[in-house]
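Trainee: To start, I am sharing the structure in question, which I have written as structure tokens.
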Amino acid sequence: MSGTQWQVEAADEAAMVALGRGLAAVAQPALVVHLEGDLGMGKTTFSRGFIQGLGHEGAVKSPTYTLVEPYQLGQLEVFHFDLYRLGDPEELEFMGVRDYFREDAVCLVEWPGRGAGILPPPDIGINIVPAGLGRRLDIRAATVLGDTVLGRWRRRHLSH
């Protein structure tokens with residue numbers, strides 16, 4: 046079924062943006078991506094590459110205070126969550142979080158552990174850790190959709 050894993054390194058911010066763009070190029074509706082890693086590891090930088098890769102031309106800021114930032118990109122809606130400042134996972138219920146995880150949307154979630162028990166599980170989980178002067182992304186697929194998208198992402202990355 047699922048469980049595909051991949052490790053890839055990003056030497057700098059430009060490489061992290063490029064990886065986000067690469068995932069955007071193969072993403073499909075209903076995809077849920079969890080982004081984990083300590084402060085400053087590049088979760089928002091990756092998200093910026095993803096959202097810009099889908100055609101957004103403006104700034105992509107971390108929704109640290111609003112918790113979620115919506116982007117309408119053609120037929121696809123992307124919801125970028127940053128749960129760093131979430132006090133209690135129950136707050137997600139009050140904001141109607143389940144309404145965001147739809148078949149016609151893609152959800153990127155930074156700090157998903159803070160929404161444990163409320164958030165749906167990811168299709169793809171990405172943990173970003175230091176690697177020399179850059180970062181290493183430990184990527185795992187957790188669903189059939191995640192396997193499909195991760196396979197396309199790897200093939201695209203290796204062909205460039």
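Mapping of the sequence shown onto the working numbering: residues 46 to 205, in sequence order.
Where a beta carbon is used, it is the ideal one built from N, C-alpha and C, also for glycine.
(1) Taking 8 Å as the threshold (C-beta atoms), are residue 137 and residue 163 in contact?
(2) Check for me: the beta strand (DSSP E) holding residue 176 runs from which residue to which?
(3) Do you know offhand how far residue 59's Cα is from residue 93's?
(4) Grab me the residues of residue 171's own chain with a C-beta within less than 6 Å of its C-beta, minus the 5 sequence neighbours each way, in chain order.
(5) Under 8 Å between the Cβ atoms of residue 70 and residue 201?
(6) With the cut-off set at 8 Å, would you say residue 125 and residue 96 are in Cβ contact?
(7) Buried or exposed for residue 189, going by 16 or more other Cβ atoms inside 10 Å?
(8) Apart from the five residues just before and just after residue 66, which ones in its own chain have a Cβ nearer than 6 Å to its Cβ?
(9) Tell me the DSSP secondary structure of residue 66 in three-state form.
(10) Please report the straight-line C-alpha distance between residue 148 and residue 127, rounded to a whole angstrom.
(11) Under three-state DSSP, which class holds residue 184?
(12) Give me the Cα-Cα distance between residue 130 and residue 144, rounded to the nearest whole angstrom.
(13) Name the DSSP bridge partner or partners of residue 103?
(14) Residue 57 by DSSP, collapsed to three states: which one?
Mentor: Put simply:
(1) Position 118 of the sequence shown holds residue 163. Position 92 of the sequence shown holds residue 137. A contact, by the Cβ cut-off of 8 Å.
(2) Numbered from its first residue, the sequence shown carries residue 176 at position 131. From DSSP, the beta strand (DSSP E) with residue 176 extends over 169-176.
(3) Residue 59 sits at position 14 when you count from the first residue of the sequence shown. Residue 93 sits at position 48 when you count from the first residue of the sequence shown. When rounded, the distance between both Cα atoms is 11 Å.
(4) For the purposes of this step, residue 171 is taken as the residue at position 126 of the sequence shown. Excluding positions up to five away in sequence, the list reads 80, 182 and 184.
(5) Residue mapping note: residue 70 aligns to position 25 of the sequence shown, counting from 1. Residue mapping note: residue 201 aligns to position 156 of the sequence shown, counting from 1. Yes; because the gap between Cβ atoms is below 8 Å, this pair is in contact.
(6) Position 80 of the sequence shown holds residue 125. Position 51 of the sequence shown holds residue 96. Cβ atoms of residue 125 and residue 96: closer than 8 Å.
(7) In the sequence shown, residue 189 corresponds to position 144, counting from 1. Classification of residue 189: exposed, given that the 10 Å Cβ count is below 16.
(8) Mapped onto the sequence shown, residue 66 falls at position 21. So the list reads 94 and 98, once near-sequence residues are dropped.
(9) By one-based count along the sequence shown, residue 66 stands at place 21. Note: residue 66 maps to helix in three-state DSSP.
(10) One-based indexing of the sequence shown puts residue 148 at position 103. One-based indexing of the sequence shown puts residue 127 at position 82. Between residue 148 and residue 127, the C-alpha separation is close to 21 Å.
(11) Here residue 184 refers to the residue found at position 139 when the sequence shown is read from its first residue. Note: residue 184 maps to strand in three-state DSSP.
(12) Your numbering for residue 130 matches position 85 in the sequence shown. Your numbering for residue 144 matches position 99 in the sequence shown. Approximately 20 Å, taken between the alpha carbons.
(13) As a first step, residue 103 is located in the sequence shown; it is residue number 58 there, counting from the start. Answer is none; residue 103 lacks a bridge partner.
(14) Here residue 57 refers to the residue found at position 12 when the sequence shown is read from its first residue. Residue 57 falls in the coil class under three-state DSSP.
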